[in-house]
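Engineer: Handing you this structure, nothing more for now.
Protein chains: 2
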Amino acid sequence: MTQGLERFSFNQATAKHWPLPDVVDGCAAAGVRSVGLWREPVASYGLSRSAALVREAGLSVSSLCRGGFFGADDWLDDNKLAIDEAAALGSPVLVLVCGGLFGRTLDDARSRVAAGLEALAPYAQSAGVRLAIEPMHPMFAADRSVVATLRGALSLASPFPVEAVGVALDTYHVWWDEQVFPLIAAAGSRIACVQLADWVLPLPADVLLGRGLPGAGCVEFGRFLRAVDKAGYTGPIEVEVFSASLWARPGKDVLRETIAAYETVTAQ
Amino acid sequence: MTQGLERFSFNQATAKHWPLPDVVDGCAAAGVRSVGLWREPVASYGLSRSAALVREAGLSVSSLCRGGFFGADDWLDDNKLAIDEAAALGSPVLVLVCGGLFGRTLDDARSRVAAGLEALAPYAQSAGVRLAIEPMHPMFAADRSVVATLRGALSLASPFPVEAVGVALDTYHVWWDEQVFPLIAAAGSRIACVQLADWVLPLPADVLLGRGLPGAGCVEFGRFLRAVDKAGYTGPIEVEVFSASLWARPGKDVLRETIAAYETVTAQ
């Protein structure tokens, strides 16, 4: 089980509009050791500037979001760039949101993901970046990720070395799956990234921005965290919450509440 | 594969605000042979009046929606009543929406469903009504159905005789599941009810009323219908679409478009 903030990582998407230097200052001041970053704010601030900022504050980067979207025209170049960015930031993990149907059938779209992984895995491995396939909630299957279950993510990862391709487990996306605990046990060393967010109702229109801080909804965090521990995962535990109401608030308040939520659910 | 309207059933929820006598008249006039009914409009019109209305129009009832909600205080009495109503209407099937968490963990809520089925199956069987567990889309797992996959529904049905407990397959709820085609093959004679609706975006707030007529979205209906045929299912094919925009329109227009959509996707 996690202790204090040792394994906590603040994913900057939880305070989407908080400028990167403020995220870094706020985290360092709060005793946070690790941050999850996103490509767009990193690009806005500048890649090498961002890397220096985080490094000089003594923080590590737990993951970079996101590669994937294998149905997009520029998927190959864009994913290679994302891998390069992760390497430059010292992020051991690039989270992959694999993309929706892009006009294809589910099977064809999933085959496209498999082909994309095959093209990228050696490149990622030589860059020292692990690809983490994120199964997303099935309500995003058409437009964001045809990989909708942990089973599907593990199946896509299986042809590749464990150190090249793993999975990103976000409680928000997988909590409803009656197979999820046996699948976490089966995932073992494939678990490359763990993210916490809670399922809260009602869902807003378009359903993207309706997540809750851990403890606000119905996810069984204690059981989930024990399961990933038992599977052998010893890495960072990110909190990443897409929430219109959180995003409307000052970043420092969001960070404080996120830490409090993390401490509560990791004590369960 | 289906031919003409022989197997088509119009689920009255597709034209929610169309009065039952108009539904029945409209269906009979259009050459529709079967309707799917809901308990609330049947109760409003009167149970025996509804049964007589449908019978005298020469229609059969493909299913009654809905029993289930096993976490509710009155679940036992209410489900027995629903079974009685299905029998009175001549409906061979009562669709079960099994209910959300009701403050329980997922495992506890699912155990509650299993216990509910055990209590009801003999009662249903002696009434000549088959219970059909409907796996609902995982976005409803917290509030409407902890049974979120066909795998979960089949597992819950498995202890009971096939003629007592089956599953209700609605394309809207299961289309995203990479396991769905092998699971349909495995379901075989457990398939008690088949309903068509399409996945369309964007999802509206609360996500209940955002479905599309077959063909409007990304569901592979041809493949789905071939799979249920191959599994041995020879019963009615309902179209049931929860859609705020359809519900705002005149019932006779909705019926005409529903028939056209059905004819298009069954010809695929």
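Chains as they are written, first to last, in the working numbering: chain A, 3 to 270; chain B, 3 to 270. Don't be surprised by glycine CBs; every beta carbon is placed ideally from N, CA and C. No experiment lies behind these values; they were computed from the predicted model shown.
Which runs of the alpha helix (DSSP H) spanning at least 4 residues fall entirely within the region 149-200 of chain A, listed in chain order?
Structural biologist: Listed in chain order, they are 152-159, 173-176, 182-189.
Engineer: Taking the straight line between their C-alpha atoms, what separation do you get for Y125 of chain B and F10 of chain B?
Structural biologist: So the alpha carbons of these two residues sit roughly 29 Å apart.
Engineer: Determine whether the beta carbon atoms of A45 of chain B and G69 of chain B lie at a separation below 7 Å.
Structural biologist: Going by C-beta atoms, A45 of chain B is not nearer than 7 Å to G69 of chain B.
Engineer: Using a Cβ-Cβ cut-off of 8 Å (strictly less than) and excluding sequence neighbours within five positions of W177 of chain A, which residues of its own chain qualify?
Structural biologist: Same-chain partners within the cutoff: W201, C220, V221, E222, F226.
Engineer: Chain A beta carbons: is any one of them nearer than 7 Å to that of A263 of chain B?
Structural biologist: A263 of chain B does not count as touching chain A.
Engineer: Is E240 of chain A near Q197 of chain A, with beta carbons less than 7 Å apart?
Structural biologist: For E240 of chain A and Q197 of chain A, yes; Cβs fall inside 7 Å.
Engineer: For a contact defined as C-beta to C-beta under 7 Å, what are the partners of W201 of chain B on chain A?
Structural biologist: What W201 of chain B touches in chain A: A144.
Engineer: Please work out which residues of its chain come closer than 8 Å, Cβ to Cβ, to P204 of chain A, disregarding the five sequence neighbours upstream and downstream, and give them in chain order.
Structural biologist: Once the five neighbours on either side are set aside, the close Cβ partners of P204 of chain A are G212.
Engineer: Using the C-alpha atoms, what's the distance from L156 of chain B back to L185 of chain B?
Structural biologist: Distance between the alpha carbons of L185 of chain B and L156 of chain B is about 9 Å.
Engineer: Provide the residue(s) that pair with F2 of chain A in DSSP beta bridges, ordered along the chain.
Structural biologist: The first residue shown for chain A is 3 and the last is 270, placing residue 2 of chain A beyond what the model contains.
Engineer: Can you give me the start and stop residues for the beta strand (DSSP E) that R68 of chain A sits inside?
Structural biologist: That run of the beta strand (DSSP E) goes 62-70.
Engineer: Relative to the alpha-carbon of I193 of chain A, which residue among A:T236, A:K18, A:V56, A:A117 has its alpha-carbon at the smallest distance?
Structural biologist: It is A:T236.
Engineer: With a threshold of 7 Å between beta carbons, is D172 of chain B in contact with chain A?
Structural biologist: So, not an interface residue.
Engineer: Buried or exposed: where does R258 of chain B fall if 16 or more other Cβ atoms within 10 Å of its Cβ makes it buried?
Structural biologist: Label assigned to R258 of chain B: exposed.
Engineer: Is it right to say R132 of chain A is buried, meaning 16 or more other beta carbons lie within 10 angstroms of its own, or is it exposed?
Structural biologist: Label assigned to R132 of chain A: buried.
Engineer: Does the beta carbon of W20 of chain A sit closer than 7 Å to a beta carbon anywhere in chain B?
Structural biologist: Not an interface residue.
Engineer: Are the Cβ atoms of V167 of chain A and A123 of chain A separated by less than 7 Å?
Structural biologist: In contact: V167 of chain A and A123 of chain A (Cβ atoms closer than 7 Å).
Engineer: Would E136 of chain B pass as a contact of V99 of chain B if the rule is Cβ separation under 7 Å?
Structural biologist: Yes, they are a contact pair.
Engineer: Can you tell me where the alpha helix (DSSP H) holding V131 of chain B begins and where it ends?
Structural biologist: First-last for V131 of chain B: undefined, no H or E at that position.
Engineer: Excluding the 5 residues flanking P216 of chain A on each side, which residues of the same chain have their C-beta closer than 6 Å to its C-beta?
Structural biologist: Cβ neighbours of P216 of chain A beyond the five flanking positions: L198, D200, F223, A263, V267.
Engineer: Would you report the Cα separation of D255 of chain B and A170 of chain B, rounded to the nearest angstrom?
Structural biologist: Each residue's Cα considered, the two are about 27 Å apart.
Engineer: Using a Cβ-Cβ distance cut-off of 7 Å, determine whether C195 of chain B contacts chain A.
Structural biologist: No, C195 of chain B does not count as interfacial toward chain A.
Engineer: List the residues of chain B whose Cβ lies closer than 9 Å to the Cβ of T107 of chain A, in chain order.
Structural biologist: Chain B residues near T107 of chain A: C220, E222, R225.
Engineer: Per the contact definition of three or more C-beta pairs closer than 8 Å, is the region 110-119 of chain B in contact with the region 145-153 of chain A?
Structural biologist: Judged by Cβ distances under 8 Å, the region 145-153 of chain A makes no contact with the region 110-119 of chain B, as fewer than three pairs qualify.
Engineer: Use the C-beta contact count for P252 of chain B: other C-beta atoms within 10 angstroms, 16 or more gives buried, fewer gives exposed.
Structural biologist: Classification for P252 of chain B: exposed.
Engineer: Could you please tell me which residues of the region 108-134 of chain B, in chain order, have their CB closer than 9 Å to any CB of chain A?
Structural biologist: So the list reads L108, D109, R112, given in the order they occur along the chain.
Engineer: Within 6 Å: the Cβ of L158 of chain B and any heavy atom of the ligand ADP?
Structural biologist: Ligands are entirely absent from the displayed structure, and the ligand ADP is therefore not among its contents.
Engineer: Indicate whether L22 of chain B and L66 of chain B have their beta-carbon atoms separated by less than 7 Å.
Structural biologist: Not closer than 7 Å, so no.
Engineer: Quick one, which of B:L103, B:L210, B:K82, B:A117 has its alpha-carbon nearest S128 of chain B's?
Structural biologist: Checking every option, the nearest Cα to that of S128 of chain B belongs to B:K82.
Engineer: On the DSSP bridge assignment, give the partners of L98 of chain A in chain order.
Structural biologist: According to DSSP, which records beta bridges pairwise, L98 of chain A is partnered with A:G69, A:I135.
Engineer: Near L78 of chain B, what residues of its chain come up, given a Cβ to Cβ distance below 7 Å and the 5 sequence neighbours on each side ignored?
Structural biologist: If we look at L78 of chain B and ignore the five residues flanking it on each side, its Cβ neighbours are A121.
Engineer: Could you tell me if G6 of chain A is buried or exposed, where buried requires 16 or more neighbouring beta carbons within 10 angstroms of its beta carbon?
Structural biologist: By the neighbour-count rule (16 or more Cβ atoms within 10 Å), G6 of chain A is not buried but exposed.
Engineer: Give the DSSP-derived three-state secondary structure of L39 of chain B in the structure shown.
Structural biologist: Note: L39 of chain B maps to strand in three-state DSSP.
Engineer: Flag this pair as yes or no: are the beta carbons of E242 of chain A and T16 of chain A separated by less than 7 Å?
Structural biologist: The answer is yes: Cβ separation under 7 Å.
Engineer: Straight-line CA distance for Y174 of chain B to H139 of chain B?
Structural biologist: Straight-line Cα distance between these residues: approximately 7 Å.
Engineer: State the Cα-Cα distance for the pair T4 of chain A and A269 of chain A, rounded to the nearest angstrom.
Structural biologist: Low per-residue confidence applies at T4 of chain A: pLDDT is 44, beneath 50, and the placement is therefore not dependable, though the value from the model is reported in the following sentence. Cα to Cα, the separation comes out at about 8 Å.
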